[in-house]
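There are 2 protein chains.
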Amino acid sequence: MNTKTSKPRSKNQAPKVIGKEKPIILITNDDGISAPGIRNLVESVRDIGKIVVVAPDKPQSGMGHAITIGEPLRLHKTHHFEGIESYSCSGTPVDCVKLAVDKVLHRKPDLCLSGINHGANHSINVIYSGTMSAAVEAAIEDIPSAGFSLLDYSIEADFSGARHYARQVVELMLKTKLGKHTVLNVNIPAKALELLKGIKLCRQAYAKYEENYVQRNDPHGRQYYWLTGEFQNFDKGKDTDVWALANNFVSVVPVQYDLTHTVYLKQLKSKWEK
Amino acid sequence: MNTKTSKPRSKNQAPKVIGKEKPIILITNDDGISAPGIRNLVESVRDIGKIVVVAPDKPQSGMGHAITIGEPLRLHKTHHFEGIESYSCSGTPVDCVKLAVDKVLHRKPDLCLSGINHGANHSINVIYSGTMSAAVEAAIEDIPSAGFSLLDYSIEADFSGARHYARQVVELMLKTKLGKHTVLNVNIPAKALELLKGIKLCRQAYAKYEENYVQRNDPHGRQYYWLTGEFQNFDKGKDTDVWALANNFVSVVPVQYDLTHTVYLKQLKSKWEK
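Protein sequence lines, in the order shown, are assigned to chains A and B.
Once you know that position 175 of the first sequence is 280 in the numbering used here, the rest is easy, because the numbers rise by one and skip nothing.
Once you know that position 263 of the second sequence is 368 in the numbering used here, the rest is easy, because the numbers rise by one and skip nothing.
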C-alpha cells in the first residue's frame, strides 16, 4: 500500500533507488485533539507511516455521523504531536475526515485511523459513536479504516494494551489486501496487556440501551433532562463483540454502510408488490 | 396494531364495547417543529392514530445519529398542531425519539414517523440524515418506523404527492405484520401526484458525495470552509432508490442497524484467524 503522491517520472529519469514509500495515515478521533487516546494512537503507529492528524478541537462524543452544513468550519494548525503535521477542526469527527481529504491532504490517504476512544464502542454503540462514524466516512470515501476504543472512560486510562493491539491491527491491515470500503470496529478490554487473549473477528451483538432520563429543575424552576441509560445485551451468541470482550479478546467487527435490510426487502416485496 | 395503554380490567369488569383503539403514532423530524414538512406529515395521518409530536426546536439537518450527552435537554409543550399533543425539544432528532418514549409517552408508541424532510435522503444520505436516524432509533427501541423525504429543499415545496404516499405507506405498515425493527426510508420525487407511478421497494444505491469545501476569509483575514459537494452515483442497477426516483417512483428502502459486514467478516476470518 504505497503512497501515490510521487510525481510521474519522465522516461529518461532513473528509477528511484529508495524502497517503498510509507503509507499516508490520517488519524482522527471524537474525544478531541487533546485527549490521551489520540496521542496513544499516534505514538503506536508513528513509525509505520506518514501520519497526519485532523481531529476535533473539542469533545464530540455521541455525534454519530453528524456533518456541519449550516455553519462554516475552522481548521487550525497545531503542535500537539512532535514531528507530526496536525490540525484541529471546529466540526464533527466526520467533518474532520472530509476536510482532511479535501483541504489538508488533497488526496485520499492510504489508511484512516480513529481513536483511541475513551470508552466502549461495541454492539449498538457503533451507530452513536463519533469515533466509528469518522472511520465509516473514510470507507465511504474509498479509504480503508479502523476505529479503536478502550473499555475505560477515564481520562487517565491505561492505554498500553490498546496501543499494542492498535499497532497489530494496523500492521495486519497494511499486510492484507483490503477492500477500499473496509471499516474495522476494534474494541480493547480495559485489562493489562498480558491478560488479553488476542484478536477475535466478530459480528455486532444485538444489544441496546434502555433510556432513563434524569429530570432536574434549574434555579428558575424549569425542568431539564440528562440522558442516562442501562445497557441491555439480548444476544447470547459466542461470535459477538460483547462476548469476545467479556472473555478478554480484542473484538474486531467489519462494518458496512449499505444499510439495506435485504431480508425485510424480500419480505415486503412479496407482500406489497404483487 | 392496538395501543397497550388501557389498564388491565378486573375480572368483574365488563369488556369494553368500543372497537379497537387507535395506534399511538410518534412523529418527529429534523427540519424542526416549525417546518412545513412535519405539518404535512401530521395532517396526512392525523385521523389514523393518536398522534404525539416531539420534534427539534430548531433545524437539525445532517445530524445523523447524534445524541446529546454532554449537556441536558429541554422539552417544551407547544401548540403547533391543533388538537395534537406536541413538544419541542432542544436536542437532536434521535434525542427526540428517546425523550418521547421515556418522558412523554412513558411507553413505546405503535409506530414512529419522521419527516417529511425538505430534501432527498436516498442512497448514502441515509447515514447523514437526522430524519432517517430518528426512524432508525425508533427501530432500535422496537418501534416500527418510517422516514419520509421529498426531493425538494424549498421551504415552499409542494407536499401533495408526498402526503398522499406518506399516508399510503402508513396504511400499508399498519395492515402488514411488520418486524418490530422495521425502518423504511421513503423518498418521494418532487413531481405532481398524477405523475408519480407508485411505490417501489428498493435497495440503497451505491453513491456518495465528492466534497469540495469552499474557502472564504472572514473580515479579520482568517480562513473558514463551507461544505459543498457533488453527488456521484456509481450504481447502474434498476433495483435502487436512485433509479426508482429518477423514474418517478416513490422509493422505499428497508433499513437495518446491524452494521456487521458479513462478507468482509468471512474474508478476514479466513486470513487473520488460521
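Built from N, CA and C at the ideal position, the CB exists for glycine as well.
Nearest-angstrom Cβ-Cβ length linking residue i and residue j, presumed shorter than 8 Å
| i | j | result |
| --- | --- | --- |
| A:LEU306 | B:TRP377 | 6 Å |
| B:GLN309 | A:THR287 | Rounded, the Cβ-Cβ distance is 18 Å, inconsistent with contact. |
| A:LEU283 | A:ALA205 | About 20 Å; that fails the 8 Å criterion. |
| B:SER265 | B:LEU298 | 5 Å |
| B:LEU332 | A:ILE174 | 6 Å |
| B:ARG151 | B:ILE189 | 7 Å |
Partner residues on chain A for residue i, Cβ-Cβ distance less than 7 Å
| i | result |
| --- | --- |
| B:PRO198 | Under the 7 Å cutoff, chain A gives no residues; its nearest Cβ is about 10 Å from B:PRO198. |
| B:ALA94 | Here chain B covers residues 106 to 379 and nothing more, so residue 94 of chain B does not appear. |
6 Å CB neighbourhood of residue i in its chain, flanking five on each side removed
| i | result |
| --- | --- |
| A:HIS185 | ILE138 and SER191 |
| A:SER250 | CYS217, ALA240, ALA243, ALA244 and VAL288 |
| B:SER448 | The requested residue 448 of chain B is not part of the displayed model; chain B covers only 106 to 379. |
| A:TYR330 | TYR318 and GLN320 |
| B:THR367 | none |
| B:ALA82 | Residue 82 of chain B is absent from the model: chain B starts at 106 and stops at 379. |
| A:PRO113 | Residue placement at A:PRO113 cannot be trusted, given a pLDDT of 39 that sits under 50; the coordinates are not used to answer. |
| B:ARG179 | SER195 |
Residue i: contacting residues in chain A (beta-carbon distance under 8 Å)
| i | result |
| --- | --- |
| B:SER259 | Under the 8 Å cutoff, chain A gives no residues; its nearest Cβ is about 16 Å from B:SER259. |
| B:GLY342 | Per Cβ cutoff of 8 Å: no residues; B:GLY342 is ~11 Å from chain A at best. |
| B:ILE229 | ILE245 and TYR362 |
| B:LEU180 | GLN328 and TYR330 |
| B:SER265 | Those within 8 Å of B:SER265 in chain A number zero; the least Cβ separation is about 22 Å. |
8 Å CB neighbourhood of residue i in its chain, flanking five on each side removed
| i | result |
| --- | --- |
| B:SER375 | none |
| B:SER115 | Residue placement at B:SER115 is poorly supported in this model, since its pLDDT is 40, which falls under 50; the coordinates still yield a value, given next. Excluding residues within five positions, none has a Cβ falling inside 8 Å. |
| B:GLY303 | PHE354 and VAL355 |
| B:ASP257 | HIS223, GLY224, ASP263 and ALA295 |
| B:LYS109 | Because B:LYS109 carries a pLDDT of 37, less than 50, the predicted location of this residue cannot be relied on, and no value is offered for it. |
| B:TYR233 | GLY167 and GLY169 |
| B:TYR362 | VAL241, ALA244, ILE245, HIS286 and VAL288 |
| B:GLU276 | ILE153 |
| A:ILE172 | GLY196, THR197, VAL199, ASP200 and LYS203 |
| A:GLU316 | LEU332, THR333 and GLY334 |
| B:ALA140 | ASN134, PRO164, HIS223 and ILE260 |
| A:GLN328 | GLN320, ARG321 and ASN322 |
| B:ALA119 | Unreliable placement is indicated for B:ALA119, whose pLDDT of 37 sits below 50; the coordinate value is still reported in the next sentence. Excluding sequence neighbours, B:ALA119 sits near nothing in its chain. |
Interface residues of chain B facing residue i [CB-CB closer than 8 Å]
| i | result |
| --- | --- |
| A:LEU277 | TRP377 |
| A:THR281 | LEU373, LYS376 and TRP377 |
| A:SER149 | Correct list: empty, because the minimum Cβ distance to chain B is about 19 Å. |
| A:SER193 | Per Cβ cutoff of 8 Å: no residues; A:SER193 is ~13 Å from chain B at best. |
| A:SER250 | Residues of chain B passing the Cβ test: none, with the nearest at roughly 12 Å. |
Neighbouring residues, chain B, relative to residue i (Cβ below 7 Å)
| i | result |
| --- | --- |
| A:GLN309 | ASP363, LEU364 and THR365 |
| A:GLY284 | TYR369 |
| A:VAL358 | THR365 |
| A:LEU350 | None at all; the shortest Cβ gap to chain B is about 15 Å. |
| A:ASN317 | ASP207 |
| A:VAL233 | Per the sequence presented here, residue 233 of chain A reads as Tyr, with Val not at that position. HIS170 and ILE172, listed in chain order. |
Beta-carbon neighbours of residue i, restricted to chain A and to distances below 9 Å
| i | result |
| --- | --- |
| B:ASN313 | According to the sequence as given, residue 313 of chain B is Lys; it is not Asn. Those are ILE245, GLU246 and ASP247, listed as they occur along chain A. |
| B:GLY175 | PRO164, SER166 and GLY167 |
| B:ILE304 | TRP377 and GLU378 |
Contacts around residue i, its chain only, beta-carbon distance under 7 Å, and the 5 residues preceding and following it disregarded
| i | result |
| --- | --- |
| A:ASP346 | HIS227, SER228, ASN292, CYS307, GLN309, ALA310, SER356 and VAL358 |
| B:LEU370 | none |
| B:LEU146 | ILE132, LEU218, GLY220, ILE221, PHE253 and ALA271 |
| B:LYS383 | An answer regarding residue 383 of chain B cannot be provided, because it is not within the stretch 106 to 379 covered by chain B. |
| A:VAL231 | MET237, ASN290, GLN309 and VAL360 |
| A:ASP344 | CYS307 and ARG308 |
| B:ASP340 | ALA310, TYR311, ALA312 and VAL347 |
Distance cut-off 7 Å: residue i Cβ against heavy atoms of the ligand SAM
| i | result |
| --- | --- |
| A:ASP340 | In the structure on display, the ligand SAM does not appear, and there are no ligands present to speak of. |
Interface partners of residue i on chain B, CB under 9 Å
| i | result |
| --- | --- |
| A:LEU255 | Chain B residues near A:LEU255: none, gap ~18 Å exceeds 9 Å. |
Touching or not, the region 208 to 227 of chain A and the region 126 to 141 of chain A, by the rule of three or more beta carbon pairs under 8 Å?
yes
Residues of the region 197 to 223 of chain B in Cβ contact with chain A at a cutoff of 9 Å, in chain order, please.
THR197, VAL199, ASP200, LYS203, LEU204, VAL206, ASP207 and LYS208
Beta carbons nearer than 8 Å to chain B: which residues of the region 131 to 142 of chain A have them?
none
Closer than 8 Å is the cut-off here; do at least three beta carbon pairs connect the region 148 to 162 of chain B with the region 160 to 171 of chain A?
no
Quick test of the definition: if touching needs 3 or more C-beta pairs under 8 Å, does the region 198 to 215 of chain B touch the region 268 to 276 of chain B?
no
Check distances from the C-beta atoms of the region 286 to 303 of chain A to those of chain B and list, in chain order, the residues that come in under 7 Å.
THR287
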